[in-house]
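Structure first, commentary second.
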Amino acid sequence: MRSIKDKVAIVGMGCSKFGERWDVGLNDLVIEAAYEAYEDAGIGPEEIQACYLGTVCAPLIGVGGTVVADALKLRDIPIIRNENWCATGHIAMIEAFLAVVSGVFDVVMAIGVEKLKDTGYPGLGTGRGMHPVYEARRTSPGSFAMIATRYFERYGLSIDEGRETLAKIAVKNHHNGSLCPKAHFHNEITVEQALKAPIIAWPLGLFDCCGNSDGSAAAIITKADLAKGFRDDPIYVKGFGISMDSMLPHFRPGFEWTSFNSLVVSSRKAYEMAGITNPREELDIAEVHDCFTITELAIYEDFGFSPRGKAKKDIDSGFFELGGGLPVNTDGGLKCFGHPVGASGIRMTYEVYKQLQGKAENPERQVKNPRRGLSHTFGGPPQLSAVAIFGNEKG
Amino acid sequence: MSGIISYGAYVPIFRLSRDIVAKAWGRGSLGGERSVANNDEDTATMAVAAGFDCLKGMDRKEIDGVFFASTTSPYKEKQSSSLIATVLDLDMEITTVDYANSLRAGTSAMMMAHHSVRSGSARKILVAAADSRLAYPRSDFEQSFGDGAAALLFGDSRPIAAVEAVHSMTNEMMDVWRNPEDTFVRSWEGRWILGEGYSATIEKVVTRILEKESLRPQDIQKAVIPAPDARTHRNIIRRLGFRPGQAQDPLIATVGYCGAAQPLMMLVAALEEASPGDRILVAAYGDGADVFIFQVTEEIKQLEERKGIKGHINVRLDLPSYERYLSYRGLVETVPGEPFRLFPSATAYWRDIDPILRCYGSKCLECGTLTYPLQRVCYKCRSKDNYEKVRLSDKTGKVFTFTLDTLAGRSDDPLVVQTVVEMDEGSARIYCMMTDCIPSEVRVGLPVELTFRRIYEGGGFHNYFWKCRPIRDGGGQNA
């Protein structure tokens, strides 16, 4: 695998308001994100040579790329749809990077969108239609809750200790989200509130679970050499990693349920490409896949942010809070910004992009002089992970 | 010689106090408790459970047939014995027959198994009977009925109980019945159906066989005579000239009247206590009557311990309310449209019959990794199509991790216990729901066994799969 470090740049991004957007449809969400991105890049739709769409279930299976063509009247160009569960947005965006690197296209758009709130159901539903019986009554909270159960067991955390540790992650992300106008939720919460909330899938409670939101995000991507022609502060792609694993690790012999090979492999590949040897020190901001609080905890360890089994110490010390050693999910994460599945990877990248430009829309949450940022989504659990690393200057 | 080679039984873990039913309707209680099948159980799953119990230590290769008996089969048109035979991992080239439509179906199946073996047309036949009859709310039957199953393996060599004599008669009357569209059992006036139907017929058939065999009531050590209620049972025992000590417990106080399965369940309980040389008489009513006389042999001492009735009766959980009973038996309507994104498919089911029904995992012949379900390419060493099939259904394991999921269940039973089980055999992993449990007892490391259940309705058919449940040693645990 060859490096694409400093060969690709993002020159414009857009992100819709996330949340329960009862009054807007899929098309509106796409328009909201895409036109902000056009404006940010200083271009119009006629300059887009190809589009990479990430969407999982909106509005139904089998729509291909027409979602974007219909909304934006992007006609006569390739619109390539990607579906890879929660990593959908990231993988669509990485496909766009590779399209530019290939030399076939100069300017492409990656866009992710999901309209979840038209399903009439507050969660993602159960099962995934993979098999008549093997996944019956499987839910996302249930699958991730099994990680928490096993993590507590393996590292000797009592249920109370474990749940309190997770609650602190939720408290952090709610605080960050409260500072972010486009986030789904803006309410601060306390540890006590989190612990007293209704159980969703034991040991996970309501505040351990991310929002179920509508939203869209878009990125205009070009060759690094052309980037300055669009803007003075393009953001460069430093590296990426994608790792695919079994759809049903549930049946996999020896699977530990506390650490995920796809997380380890995808992050190491991205670090290697970006030339990062100590992510805890060298990254200034990270947007990681906190679909559930336990997922964010597992990521701290698998990404090498915290030593194995020791994430609790960093959580307790506030290492991942705004102003900490490595702020994580500065926009509230999936927990508070929301998780319209196909849009999430690009939304996270939007936050990294804005932070690296020093343009977080609320100065209170602007990270001081960041150079390197990481965005990440994790589909499953836990079959696939996609990581991208960005920097605000070449080299 | 034909006789019983092995036995097994199954009683659902949930028991409903008859006082709860009585209180719900403001009427008198018959006392004691009845078994209630869980909402994921039916007569096929109960027969499977009894079948596994019966086949413990038995050679599956010699079984030439499976006879299933029930008045409450899962399908009106579709055999259940074929399902049961497959789940029990028997050969495909065997005879499978369902006996239905009569409370006598259980003993009819026994009779036919005996004749098949005695005539030499089959080496061994497994008879599995199960019933889960529904009674009109507030009726006496609602209290007296129970759910349960039993299985008997008939064979031609070394029986633990040899068939000495059999006799049958038929009796045509409208006593209890269900029309095709009926949910609940109908009946005519009680005094007539018990007097002219049940009692008269049983008396006649028992008297006839004793005469034929030149036996007196005192020559019988145990009389296995199911009856719909305790009083009728006491009366028939007295009228036939048996002492109370000769009567096999009709299981009314602890389980209830389990229809076509009742004579087999009581016979299993009798065999559990029997000694070589004992004569056991079995007489069962239903549109006539069948009667058997068995003589217990020395072989009974060699039979490996099984759960039987004894091993089930004290393994129980309280069903806490009448509402739960209605919900477990499918008598309340649940919220429709819950988005279970499942894809019921008869073809996928059929194609994956080895892993889904036979519960086969694959053991890699290259590196030894055992995986469930069958994997053509080994998880560990990636060798392709190089494995042997391993049946995991009768193996035990431990909970590796779990969750108590409140989003996944039906509206009337919202909590789903999802588990990853690590099997003791080869550390294979199975992801499945846990059933027959109290959520608060679930923990990492909890020993579990697999149990075959109905996991959802979809595509117009019952989707069956394996669940796990805590291994219990009895002692009357309560919810």
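Which chain is which? The protein sequence lines are A and B, in order.
In this note's numbering, each number is its position in the first sequence, counted from 1, plus 456.
In this note's numbering, each number is its position in the second sequence, counted from 1, plus 89.
In this text, a Cβ means the ideal position worked out from N, Cα and C, and glycines have one as well.
Bear in mind the structure is a predicted one, so any value in this text is a computation, not a measurement.
6 Å CB neighbourhood of residue i in its chain, flanking five on each side removed
i, result
"L446/B", "T175 and V176"
"C666/A", "C747, L790, K791 and H795"
"I845/A", "K694, G695, A726, A730 and L830"
"T540/B", "K556 and R558"
"V265/B", "V274 and S276"
Beta-bridge pairing of residue i - partner residues as DSSP gives them
i, result
"D407/B", "R104/B"
"A657/A", "L660/A and D494/B"
"P536/B", "K487/B"
"F381/B", "V255/B and V371/B"
"Y507/B", "Note that residue 507/B corresponds to Gln in the displayed sequence, not to Tyr. Note: Q507/B sits in a beta bridge opposite T492/B and M522/B."
"L830/A", "A742/A and I845/A"
"D502/B", "R499/B"
"V577/A", "The amino acid at residue 577/A is misidentified as Val; the sequence shows Tyr. None, per the DSSP bridge assignment."
"N405/A", "The displayed coordinates of chain A run from 457 to 851. Any statement about residue 405/A would go beyond what the structure contains."
"A683/A", "Answer by DSSP bridge pairing: none, since A683/A is not bridged."
"D187/B", "F157/B"
Residue i versus residue j - alpha carbon distance
i, j, result
"G579/A", "P597/A", "9 Å"
"G468/A", "G498/A", "8 Å"
"M804/A", "V560/A", "27 Å"
"V523/A", "L482/A", "8 Å"
"K638/A", "P659/A", "30 Å"
"R558/B", "T485/B", "10 Å"
"Y449/B", "P838/A", "25 Å"
"S276/B", "R116/B", "20 Å"
"K293/B", "D131/B", "34 Å"
"E477/B", "D443/B", "12 Å"
"C470/B", "L719/A", "21 Å"
"G572/B", "V466/B", "Nothing can be reported for residue 572/B, as the shown portion of chain B is limited to 90 through 568."
"G366/B", "V385/B", "5 Å"
"V797/A", "R827/A", "27 Å"
"I214/B", "I382/B", "19 Å"
"A239/B", "Y99/B", "6 Å"
"A552/A", "T436/B", "39 Å"
"E539/A", "S210/B", "58 Å"
"E387/B", "I249/B", "7 Å"
"R480/B", "D220/B", "27 Å"
"A372/B", "Y417/B", "31 Å"
"L635/A", "H832/A", "21 Å"
Close beta carbons around residue i, own chain, < 7 Å, minus the five adjacent residues each side
i, result
"I173/B", "A133, A136, V137, G140, V155, F157 and A217"
"I550/A", "F696, I698, A842 and A844"
"V647/A", "E620, A623, K624 and V627"
Cβ-heavy atom distance, residue i to the ligand ATP, below 7 Å
i, result
"N629/A", "As presented, the structure is devoid of all ligands, the ligand ATP included, so that no description of it is given."
Cut-off 8 Å between Cβ atoms - residues of its own chain near residue i, not counting five sequence neighbours on either side
i, result
"L329/B", "I291, E292, V295, T296, P306, A312 and I314"
With 9 Å as the limit, tell me which residues of the region 692 to 704 of chain A have their beta carbon closer than that to any beta carbon of chain B; keep them in chain order. S702 and L704
Inspect the CB distances between the region 598 to 614 of chain A and the region 749 to 768 of chain A and report whether three or more fall short of 8 Å. yes
Note down, in chain order, all residues in the region 521 to 533 of chain B with a beta-carbon under 7 Å from any beta-carbon belonging to chain A. M522 and V533
Quick one: which residues of the region 481 to 494 of chain B get their C-beta closer than 8 Å to a C-beta of chain A? List them in chain order. F489, T490, F491, T492, L493 and D494
Which residues of the region 742 to 764 of chain A have a Cβ closer than 9 Å to any Cβ of chain B? Give them in chain order. Listed in sequence order: no entries.
Contacting positions in the region 624 to 639 of chain A - beta carbon closer than 9 Å to chain B: Against chain B - using a Cβ distance shorter than 9 Å - the region 624 to 639 of chain A contributes no residues.
Chain A contacts from the region 431 to 449 of chain B (Cβ-Cβ distance under 7 Å): L431, F432, P433, S434, A437, Y438 and I445
By the 9 Å beta-carbon criterion, what residues does the region 651 to 673 of chain A contribute toward chain B? Result list: P654, I655, I656, A657, W658, P659 and L660.
Report yes or no: do three or more beta-carbon pairs, one from the region 452 to 471 of chain B and one from the region 700 to 708 of chain A, lie closer than 8 Å? yes
So, does the region 523 to 533 of chain A touch the region 778 to 787 of chain A, judging by three or more C-beta pairs under 8 Å? no
Specify whether the region 319 to 333 of chain B and the region 346 to 366 of chain B touch according to this definition: at least 3 beta carbon pairs, one from each stretch, less than 8 Å apart. Not touching, per the Cβ criterion.
Does the region 483 to 493 of chain A touch the region 671 to 680 of chain A, meaning 3 or more C-beta pairs lie closer than 8 Å? yes
Could you check whether the region 242 to 251 of chain B touches the region 199 to 211 of chain B, counting it as contact only if at least three pairs of C-beta atoms, one from each stretch, sit closer than 8 Å? yes
If we count Cβ pairs, one from each stretch, closer than 8 Å, do we get three or more for the region 245 to 262 of chain B versus the region 329 to 336 of chain B? no
Could you run through the region 459 to 477 of chain B and flag, in chain order, every residue whose CB is less than 8 Å away from some CB of chain A? L459, T460, Y461, P462, Y468 and K469
Check distances from the C-beta atoms of the region 791 to 823 of chain A to those of chain B and list, in chain order, the residues that come in under 8 Å. Residues of the region 791 to 823 of chain A whose Cβ lies closer than 8 Å to any Cβ of chain B: none.
Can you give me, in chain order, the residues of the region 374 to 402 of chain B that have a beta carbon less than 7 Å from any beta carbon in chain A? none
Are three or more beta carbon pairs between the region 215 to 231 of chain B and the region 356 to 373 of chain B nearer than 8 Å? no
Between the region 537 to 551 of chain A and the region 684 to 703 of chain A, do three or more beta carbon pairs fall short of 8 Å? yes
Are at least three pairs of beta-carbons, each pair with one atom in the region 101 to 113 of chain B and one in the region 401 to 415 of chain B, less than 8 Å apart? yes
Determine which residues of the region 536 to 547 of chain B have a Cβ less than 9 Å from any Cβ of chain A, and write them out in chain order. I544, Y545 and G547
Below 7 Å between beta carbons is the criterion; list the residues of the region 596 to 627 of chain A that meet it against any residue of chain B, in chain order. P597, G598, A601, M602, T605, R606 and E609
Against chain B, which members of the region 707 to 725 of chain A pass a CB distance test of less than 8 Å? F707, R708, P709, G710, F711 and W713
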